[in-house]
Amino acid sequence: MNNDILFFTSILLLGVFISAVAQVLLKKESQKEHSSRIKEYINIRVITAYVIFFAATFLSIIAYKGIPLSWGPVIEATSYIYITIFGVCIFREKLSYRKVVALVFIIIGILIYSFFG
């Protein structure tokens, strides 16, 4: 793998990761009570999350200039791993057997594509 592909892959991974962070911000904000519908959607966490989503989209556009399109869905599948980790660590969600099996399949799929795809 040459340095350019590694660089652009890292950009896409960063975009996927910050997108997961934005999802955490939205979930945290959705758990709060708001005095009005406007304050529910126009507040610092929600606006920050959408700015992060915009940045993640921009990073994806940059990344696709240097990596094959077929790699995108595989790299973006790492978001399931980030979201699960955030769910367990931040929201104290239970990690069920089915979730673990699903994550194992996702990781196996990523590894198979990385080494044999």
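Counting from -3, one number per residue, gives the positions in the sequence shown under the working numbering. Note that the Cβ used here is the ideal one computed from N, Cα and C, for glycine as well.
- Listed in chain order, the alpha helix (DSSP H) runs fully inside the region 11 to 49 are 33 to 37, counting runs of at least 4 residues.
- Under the DSSP assignment, residue 109 falls in the alpha helix (DSSP H) whose first and last residues are 93 to 112.
- Its Cα nearest to that of residue 71, the residue 5 stands out among 1, 82, 5 and -2.
- Exposed is the label assigned to residue 31, since fewer than 16 other Cβ atoms lie within 10 Å of its Cβ.
- The beta carbons of residue 14 and residue 57 sit no closer together than 8 angstroms.
- Relative to residue 83, the option among 39, 104, 22 and 36 whose CA is nearest is 22.
- The straight-line gap separating the alpha-carbon atoms of residue 39 and residue 106 is approximately 37 angstroms.
- About 21 angstroms separates the beta carbons of residue 25 and residue 12, which is beyond the 8 angstroms limit, so they are not a contact pair.
- Cβ neighbours of residue 36 within its own chain (closer than 6 angstroms, five residues either side excluded): 30.
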